[in-house]
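Notes for the one structure printed next.
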Amino acid sequence: MKGALACLLLALADLRSQDQVRVRLGIVPDEESEEETDRGGDRLVEAGFVGDFAITGEPTDLNVGVAAKGVLAMRLLVSGRAAHGATPWLGENAILRAYEVFREVESLPFAGQSSELFDRPSINLGRILGGDALNKVPDSCVIDVDVRYLPEQDPGEILAQVRGLEGTRVISTFSRPPAEVDPELPYVLALRDAAGAEGDGTSRGVVGRDGASDAVSFLRAGVPAVEYGPIGGGHHGPEEWVSVPSLERYRRSIVEFVNSAPRIAQ
Numbered sequence: 034m035k036g037a038l039a040c041l042l043l044a045l046a047d048l049r050s051q052d053q054v055r056v057r058l059g060i061v062p063d064e065e066s067e068e069e070t071d072r073g074g075d076r077l078v079e080a081g082f083v084g085d086f087a088i089t090g091e092p093t094d095l096n097v098g099v100a101a102k103g104v105l106a107m108r109l110l111v112s113g114r115a116a117h118g119a120t121p122w123l124g125e126n127a128i129l130r131a132y133e134v135f136r137e138v139e140s141l142p143f144a145g146q147s148s149e150l151f152d153r154p155s156i157n158l159g160r161i162l163g164g165d166a167l168n169k170v171p172d173s174c175v176i177d178v179d180v181r182y183l184p185e186q187d188p189g190e191i192l193a194q195v196r197g198l199e200g201t202r203v204i205s206t207f208s209r210p211p212a213e214v215d216p217e218l219p220y221v222l223a224l225r226d227a228a229g230a231e232g233d234g235t236s237r238g239v240v241g242r243d244g245a246s247d248a249v250s251f252l253r254a255g256v257p258a259v260e261y262g263p264i265g266g267g268h269h270g271p272e273e274w275v276s277v278p279s280l281e282r283y284r285r286s287i288v289e290f291v292n293s294a295p296r297i298a299q
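With the working numbering as the guide, the letters of the sequence shown map in order to residues 34 to 299.
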């Protein structure tokens with residue numbers, strides 16, 4: 034993200050002498066927040082930070098992200114039966130049962146669906162909270178399950194499937210809608226052309242993004258928005274990286290796209 038941000042700052046400087054297009058750069062710190070409301074992107078849009086087209090600088094390997102999965106994060110309470118740690122066979126370990134519940138979530142009908150841009154939804158066991166004593170079989174366990182669902186899927190139906198699991202109760206949720214924009218829109222096509230001119234022949238043009246997108250804030254306001262960024266990988270891992278040569282290509286493509294915008298608007 035820092036690489037893309039540096040490029041966007043430099044592209045803004047590159048474009049300062051042109052007077053055909055108004056270009057605005059917005060920076061928010063909370064894209065990774067678990068808050069459902071009062072987010073930076075939403076606040077920008079509510080304050081009038083809108084336009085004809087928006088680009089968020091997520092790393093997309095110089096492809097244009099025209100879709101992003103939605104978020105349905107669920108906190109599940111799984112019940113067991115307490116017993117002394119010396120006689121675990123007399124109880125039912127809620128922590129072990131919670132892991133079984135997660136495997137059951139992975140086997141629900143929604144988990145096997147796919148679409149043109151996505152092989153499957155993403156399902157991650159992010160947290161396990163259970164047990165209050167070393168010598169006791171835990172009788173309850175809470176797990177946080179992070180589901181990234183396809184734009185074509187109904188989060189209400191996913192929630193209903195999870196609620197149908199035996200011995201499991203959904204006690205809270207966090208949601209964020211998916212992002213989707215027509216890949217044939219004139220601004221999208223122009224950005225694809227600009228990206229292709231700076232590509233290395235491996236770019237596919239358009240992609241679906243597994244992570245949630247701040248583009249949602251603009252889409253809600255009727256502003257077409259995509260994700261577009263440099264080459265990189267290893268997100269949230271110990272070897273997160275960005276391709277330095279791709280940064281200059283990314284910067285040039287943003288400038289080329291903006292310079293082409295007056296022809297699109299005619």
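Built from N, CA and C at the ideal position, the CB exists for glycine as well.
| Check | Outcome |
| --- | --- |
| If you follow the alpha helix (DSSP H) that Val61 is part of, which residue opens it and which one closes it? | Unbroken run through Val61: none, as it is neither H nor E. |
| Among residues of its own chain, excluding the 5 on either side of Leu58, which ones have a beta-carbon nearer than 8 Å to its beta-carbon? | Leu41, Leu42 and Leu45 |
| Whole angstroms is fine: what's the gap from Asp172's alpha carbon to Asp215's? | 49 Å |
| Could you pull the DSSP bridge partners for Tyr182 from this structure? | Gly103 |
| Considering only residues of the segment 153 to 225, which uninterrupted beta strand (DSSP E) runs meet the minimum length of 3 residues and lie entirely inside it, listed in chain order? | 155 to 163, 173 to 182 and 201 to 209 |
| Please report the distance separating the alpha-carbon of Arg72 from that of Val99. | 22 Å |
| From the DSSP output, which residues share a beta bridge with Tyr132? | DSSP, once it has assigned bridges, lists no residue as partnering Tyr132. |
| Give the secondary structure of Val138 by DSSP, where H, G and I count as helix, E and B as strand, and everything else as coil. | helix |
| Mark Gln186 as exposed unless 16 or more other C-beta atoms lie within 10 angstroms of its C-beta, in which case mark it buried. | buried |
| With a cut-off of 8 Å on the beta carbons, I'd call Gly238 and Val97 a contact; round off their distance for me. | 7 Å |
| Going by C-alpha distance, which of Ala106, Leu95 and Asn292 is nearest Asp179? | Ala106 |
| Which residues in the same chain as Ser205 place their Cβ atom closer than 6 Å to its Cβ, once the five residues preceding and following it in sequence are excluded? | Arg108 |
| Might you give, ordered along the chain, the residues of its own chain that have their beta carbon closer than 8 Å to the beta carbon of Gly145, omitting 5 neighbours on each side? | Arg153 |
| Where DSSP assigns a beta bridge to Gly241, which residues make up the other side? | Ala100 |
| Let me make sure I understand the geometry here. Which of Pro278, Asn126 and Pro295 has the alpha-carbon closest to that of Asp165? | Asn126 |
| Counting pairs of beta carbons, one from the segment 239 to 251 and one from the segment 80 to 96, are three or more of them closer than 8 Å? | yes |
| May I ask which residues mark the beginning and end of the alpha helix (DSSP H) holding Glu79? | Gly73 to Glu79 |
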